[in-house]
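Data first, discussion second: the structure below is written as structure tokens.
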Amino acid sequence: TFLFADVEGSTALQGTAPAVYPDAIALLRRTLRETVSASGGAESDAVGDEYVAAFGEAPGAADAALEIQRRLRDTEWPGGIRVRVRLGLHTGTPTLGDEGYTGIDIVRASRITNAGHGGQILVSADTLGAIALRFGTQVEGIMQLNGLQSARRLRVGQELLIPVPRGQRAEAEAAAKPQ
């Protein structure tokens with residue numbers, strides 16, 4: 001599962017706060033790197049105001065995305081500027097070559113991210129499906145239990161209730177615990 005991050009309005013921020021923008025990006029990248037690493041992910045790429053990380057499983061990527069948005073919301077940015085970051089998650093099977101990841105799933109992850117706004121986490125149906133599979137449930141059950149109209153939008157700080165089939169509660173609780 002890929003996590004993409006992109007600063008909303010980065011061109012305008014660079015124009016209005018050119019002296020502090022580099023420090024803000026450095027702070028953003030430290031936050032992303034620390035949180036991704038703590039959630040079991042690995043940085044794949046970082047260019048300008050964009051950041052990409054890879055995770056072995058969708059729940060780790062989702063945990064990281066929520067924690068990133070929490071941390072960014074509470075960050076005191078240099079020069080009092082406001083940095084808003086949109087995050088996108090997509091689960092797929094890209095190709096890994098000498099120059100990094102390529103393929104349609106990388107393009108999808110990027111497009112999912114770019115459809116969002118600062119402070120949002122957008123997920124593909126494939127990612128929500130991977131989370132459902134991990135807990136032995138269905139995407140439709142997650143959506144219904146959480147009152148979601150779309151499998152693609154989660155709010156910052158939103159906790160998803162996961163319907164767990166009878167007899168699988170102990171397995172689901174073990175899977176949900178941070179490792």
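Here the sequence shown stands for residues 1 to 179, where the numbers follow the numbering used here.
Beta carbons: idealized from backbone N, C-alpha and C, even for Gly.
Just so you know, these numbers come straight off a predicted model, no measurement behind them.
Only counting the same chain, and skipping five residues up and downstream in sequence, which positions put a Cβ closer than 7 Å to that of Thr11? So no residue of the chain qualifies.
Once you ignore the five residues that flank Thr95 on each side, which residues in its own chain have a CB closer than 6 Å to its CB? The beta carbon of Thr95 sits closer than 6 Å to those of Thr102, Gly103, all from its chain and outside the five residues before and after it, given in chain order.
Can you round the beta-carbon distance between Arg86 and Thr127 to whole angstroms, since I take them to be within the 8 Å contact cut? Going by Cβ atoms, the distance from Arg86 to Thr127 rounds to 15 Å, so no, they are not a contact pair.
Name the residue from Pro78, Gln144, Ile106 whose alpha carbon lies nearest to the alpha carbon of Pro18. Nearest in C-alpha terms to Pro18, of all of Pro78, Gln144, Ile106, is Pro78.
Rounded to whole angstroms, what's the CA-CA distance from Gly56 to Leu66? Just pull it up for me. In a straight line, the C-alpha of Gly56 is about 17 Å away from that of Leu66.
Gly100 by DSSP, collapsed to three states: which one? Under the three-state reduction of DSSP output, Gly100 falls in the strand class.
Going by the CB atoms, is the gap between Leu3 and Ala64 shorter than 8 Å? Yes. Within cutoff.
To the nearest angstrom, report how far apart Ala5 and Gly97 are at their CA atoms. Approximately 22 Å between the Cα atoms of the pair.
Skipping 5 residues on each side, what residues in its chain have a beta carbon closer than 6 Å to that of Leu145? Taken in chain order, the residues that qualify are Leu161, Pro163.
Helix, strand or coil for Glu43, going by three-state DSSP, please let me know. If DSSP states are grouped into helix, strand and coil, Glu43 belongs with the strands.
On a Cα-Cα basis, can you pick out the residue from Gly141, Tyr51, Gln149 that is closest to Glu8? Nearest C-alpha to Glu8: Tyr51.
With H, G and I counted as helix, E and B as strand and the rest as coil, what does DSSP make of Thr93? Three-state result, Thr93: coil.
Taking a contact to mean a Cβ-Cβ separation below 8 Å, would you say Tyr21 touches Leu13 in this structure? Yes. Within cutoff.
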